[in-house]
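Remarks on the structure that follows.
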Ligand code: G3P
Ligand code: MG
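Numbering (UniProt numbering), first residue to last: 1 to 232.
Shown next as structure tokens:
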């Protein structure tokens, strides 16, 4: 079972910052998940739609300027660009780039090939996910080799079929909607199932029993220890 450091090692450091990424790397995680917004054509790693929820800024992030974002902090840490985060990780573990809403996919389409041309990532190390499945279809239409994952916070009709039609690597599903039938349907179609956000040992054990392929955790070291105890 794969463990993703959710927003970096966000249980220990300010989420989605370089400090959270460095902590995750120091913990030797196998994978890191980050959230991405588009501001004036630049891609920033930040979770919320509104700045005041997590930073010392105010207002919708997509209405901010790059100059404004450069002044802001999350618990004292700067808001990094996607490229800064990718340069830091640089192929040392898998990365899941979650494309948030209020977003044009165009800047990401420009950046995506540079990840492989200019940094030390392989295609299988970069999983692109989104609740907006149109972004994933657009990425796959230009880069058929891209690893993509539709995010869901529920179980839509024909979910596994739709993921298979998209040639998705995984379905990334909320723990609130884990469903054994859907997991089996996905596996029969060759699609993995990763579940967010999972920090408790009893949840990890139950998901392992269901055959879930990976989890997103704010405490990736603790989650990995539970996973290791299950497979020994
Ligand atoms: O990518 C998994 C999970 O991060 C999706 O939800 O709101 O934590 O970005 P959220
Ligand atoms: Mg996320």
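The beta carbon of each residue, even a glycine, is placed where N, CA and C say it ideally should be. Predicted model only: the values in this text are computed from it and were never measured.
- For residue 192, the enclosing beta strand (DSSP E) has its first and last residue at 192-196.
- Of 172, 80 and 87, the smallest CA-CA separation from residue 128 is found for 172.
- DSSP, reduced to helix, strand and coil, places residue 28 outside both helices and strands of the structure shown, so it counts as coil.
- Residue environment analysis places residue 38 among the buried positions, since at least 16 neighbouring C-beta atoms fall within 10 angstroms of its C-beta.
- Nearest neighbour of residue 146 by Cα position, chosen from 161, 169, 132 and 215, turns out to be 169.
- A heavy atom of the ligand G3P is found nearer than 7 Å to the CB of residue 129.
- Assignment of beta strand (DSSP E) within the segment 137-175, counting only whole runs of 3 or more residues, yields 147-152 and 170-174 in chain order.
- The closest CA to that of residue 72, considering only 45, 97 and 185, is found on 45.
- In the assembly as shown, residue 57 is a buried residue. Its beta-carbon has 16 or more other beta-carbons within 10 Å.
- Excluding the 5 residues flanking it on each side, residue 219 has same chain C-beta neighbours closer than 6 Å at 11 and 199, in chain order.
- Residue 138 sits away from residue 115, with the two beta carbons spaced by 8 Å or more.
- In the DSSP assignment, residue 130 falls within the beta strand (DSSP E) that extends over 126-130.
- Classified as exposed, residue 60 has fewer than 16 neighbouring CB atoms from the shown chains inside 10 Å of its CB.
- Note on residue 55: 16 or more other CB atoms within 10 angstroms of its CB, so buried under the neighbour-count rule.
- In this structure, the CA atom of residue 91 is about 5 Å from the CA atom of residue 120.
- Sequence-distant partners of residue 65 (beyond 5 residues in either direction) whose C-beta falls short of 8 Å from its own C-beta, in its chain, are 39 and 40.
- DSSP places residue 97 inside the beta strand (DSSP E), whose first and last residues are 94-99.
- For residue 37, DSSP records a beta bridge to 44.
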